[in-house]
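S.K.:
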Amino acid sequence: MDKFIRVPKGTGARGKLRLRDFQRLIAADVLDTDARTVGLMLPRGSGKTSLMAAIGLFVLFTGGEGANVVVFAVDERQAGLAFGAARRMVELDEHLSARCQVFKEKLYLPTTDSSFQVMPASPAAAEGLDYVLAIVDEAGVVNRDLFEVVQLAQGKRDKSVLVAIGTPGPNLDDQVLLSLREYARLNPADTSLVWREFSAAGFEHHPVDCEHCWTLSNPALGDFQHRDALVALLPPKTREATFRRARLCQLATDTEGGFLPPGVWDGLSTDEPIPLGSDVVLALDGSFSDDTTALLLATVSPEPHFQPLAVWERPPGDDTFRVPVAEVEDTIRQACRTYSVQEVIADPFRFTRSLQALEAERLPVVEFPHSPSRLTAATTDVYSAAVNGKLTHNGDPRLAAHVAAAVVVEDARGMRLAKRSRSRTARKIDLAACLVMAHSRATWRASKKRRARAASF
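Under numbering that gives the first Met the number 0, the residues of the sequence shown are numbered 0 to 456, in order.
(1) Can you round the beta-carbon distance between A183 and A297 to whole angstroms, since I take them to be within the 8 Å contact cut?
(2) Going by DSSP, what residue range makes up the beta strand (DSSP E) through V148?
(3) Using the DSSP secondary-structure output, state which residues sit across from S113 in a beta bridge.
(4) What is the DSSP secondary structure of H304, counted as helix, strand or coil?
(5) DSSP three-state call for D265: helix, strand or coil?
(6) Starting from the C-beta of K447, find all residues in its chain whose C-beta is less than 8 Å away, skip the five residues before and the five after it, and write them out in chain order.
(7) With DSSP run on the structure shown, which of helix, strand or coil describes R195?
(8) Check whether the Cβ atoms of E326 and L357 sit closer than 8 Å, and answer yes or no.
(9) Please report the straight-line C-alpha distance between N387 and L161, rounded to a whole angstrom.
(10) Taking the alpha-carbon of A123 as reference, which of F115, Q100 and L151 has the nearest alpha-carbon?
(11) The beta strand (DSSP E) with G38 in it runs from where to where?
(12) By how many angstroms is the C-alpha of R352 removed from the C-alpha of L294?
(13) Which value, in whole angstroms, describes the spacing of the CA atoms of G168 and S178?
(14) With a 10 Å radius around its C-beta and 16 neighbouring C-beta atoms as the bar for buried, classify N186 as buried or exposed.
(15) Could you pull out every residue in the same chain whose Cβ sits closer than 7 Å to the Cβ of E312, ignoring the five residues on either side in sequence?
(16) Kindly confirm or deny that the segment 213-223 and the segment 232-250 touch, where touching means at least three C-beta pairs closer than 8 Å.
(17) What would DSSP say about I344, mapped onto helix, strand or coil?
(18) Taking C-beta to C-beta, are V148 and V73 nearer than 8 Å?
(19) On a CA-only basis, which of T32, Q306 and P323 is nearest W194? Give me that one, please.
(20) Report the rounded CA-to-CA distance for V340 versus G262, giving the unit in angstroms.
(21) Take the Cβ of G9 as the centre, count every other Cβ of all protein chains shown within 10 Å, and call the residue buried at 16 or more, exposed below.
(22) Compute the Euclidean distance between the alpha carbons of L59 and A52, then round it to the nearest angstrom.
(23) Should G44 and V131 be called a contact, given that it needs their Cβ atoms to be closer than 8 Å?
(24) Is it right to say Q100 is buried, meaning 16 or more other beta carbons lie within 10 angstroms of its own, or is it exposed?
(25) Given a cut-off of 8 Å, decide if A34 and F55 are closer than it, judged by their beta-carbon atoms.
(26) Please report the residue range of the alpha helix (DSSP H) in which A84 lies.
(27) Just reading off the beta strand (DSSP E) that V131 is part of, what are its end residues?
(28) With 16 as the cutoff for other CB atoms within 10 Å, does G276 come out buried or exposed?
(29) What span of residues does the beta strand (DSSP E) with V162 cover, start to end?
(30) Does DSSP put D278 in a helix, in a strand, or in coil?
(31) Could you name the residues of the same chain whose beta carbon sits closer than 6 Å to that of G165, not counting the 5 residues immediately before and after it, in chain order?
(32) Under 8 Å, do R444 and V322 count as touching if we go by C-beta distance?
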């Protein structure tokens, strides 16, 4: 492998690939065992992508007739990272490039009719596969249905391996990577699965800058993984739960993936309501039946103060519940009589008719479409404000519960708040969604010298 393959980027770029000891262990797990599935848990920055690309090329060139290699991930962009590294490795070596045809999303070896290919991130696209090596990247967040279709495609060859590799995802209750980890723990005699991890799991009680934890979880630390980069990302610059998951492979079940670090939200409470007549923005996060509809007030200020106005939620076991839309609209009208409402903010999805009706009554309706770029910026801003004490709230337990239930989802589209699971019984986060919108607009309003005329009746 180190004879032909060169490092495609980063530290040592264009130089010959020199496998470290931990990389040799991983390569042996994939290439030199009889396992059908290999589970690998490593933190970010450990060279997972380049290593998988190199192993994939080894299989492509040495695997014999029809040695197909396929790459899946949470989306095609993520899968394309491993393929892009492999393509660059081929381009950097004259011997490999002379034998291999390079296409946009496929490497093809005519002499053996073998291919290395990026696959669409859908279960349907994985049906009918015939592979020697399948790489499922970001197995901590990949779709379980997709993984199982890829897994069940095995059996057509004497030797085929599925590699699931990644860092733990935010939902510890249901993810492919941790399911493999748990199975390996409970069934150590099953040689069809090989599990290897580099993590500080079990030491979640240690501080985030614990040298012991860093060494356990980062086998490339001080080599091609640079220590100063980890130092630069230490909380509060990033959320502690995210840092522990991504850089230490820890499973902090109490806070993992949470929107805010423990204790932050409680520390922002003043127990004070927003005075009547105050300049405010009013955020609406609405649905029709299955979810919750919420209204949240925020003072127009560089450091806003927040207070829930109303919440409508489906009672447990009531499948006939429908949000009383007329009541929601009347509550917004009443708020405009009680406060100096500068904006009524909402994502137009599902509440378009209500927003049009309120706008026709000359209420200051402002649409807040939940585009990835807008949500990423707004979520980052409200997180930064909270951890730096730049916002307050009235201590309402409903708002506290919704904030505590929210997790931050980060993917190719950006960052946004989400529930911890898709279950209908999952705790609601609608007031937290209102918080993101209201903070964005309240601070923007506060930055303007001239304000639009508030709604009044």
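No residue lacks a Cβ here, since even glycine has one placed at the ideal position from N, Cα and C.
M.R.: Per the coordinate set shown:
(1) That pair is no contact at about 48 Å.
(2) Premise fails: V148 lies in the alpha helix (DSSP H), R143 to L151, not in any beta strand (DSSP E).
(3) L108
(4) strand
(5) helix
(6) none
(7) strand
(8) no
(9) 44 Å
(10) L151
(11) T36 to M40
(12) 17 Å
(13) 12 Å
(14) exposed
(15) T291 and K427
(16) yes
(17) strand
(18) no
(19) T32
(20) 31 Å
(21) exposed
(22) 10 Å
(23) no
(24) exposed
(25) First, the amino acid is wrong: residue 55 is Gly here, not Phe. No, the pair does not count as a contact, with Cβ atoms beyond the cut-off.
(26) E75 to E90
(27) Careful: V131 lies outside any beta strand (DSSP E) and carries neither H nor E.
(28) exposed
(29) V160 to G165
(30) strand
(31) E137, A138, G139 and L176
(32) no
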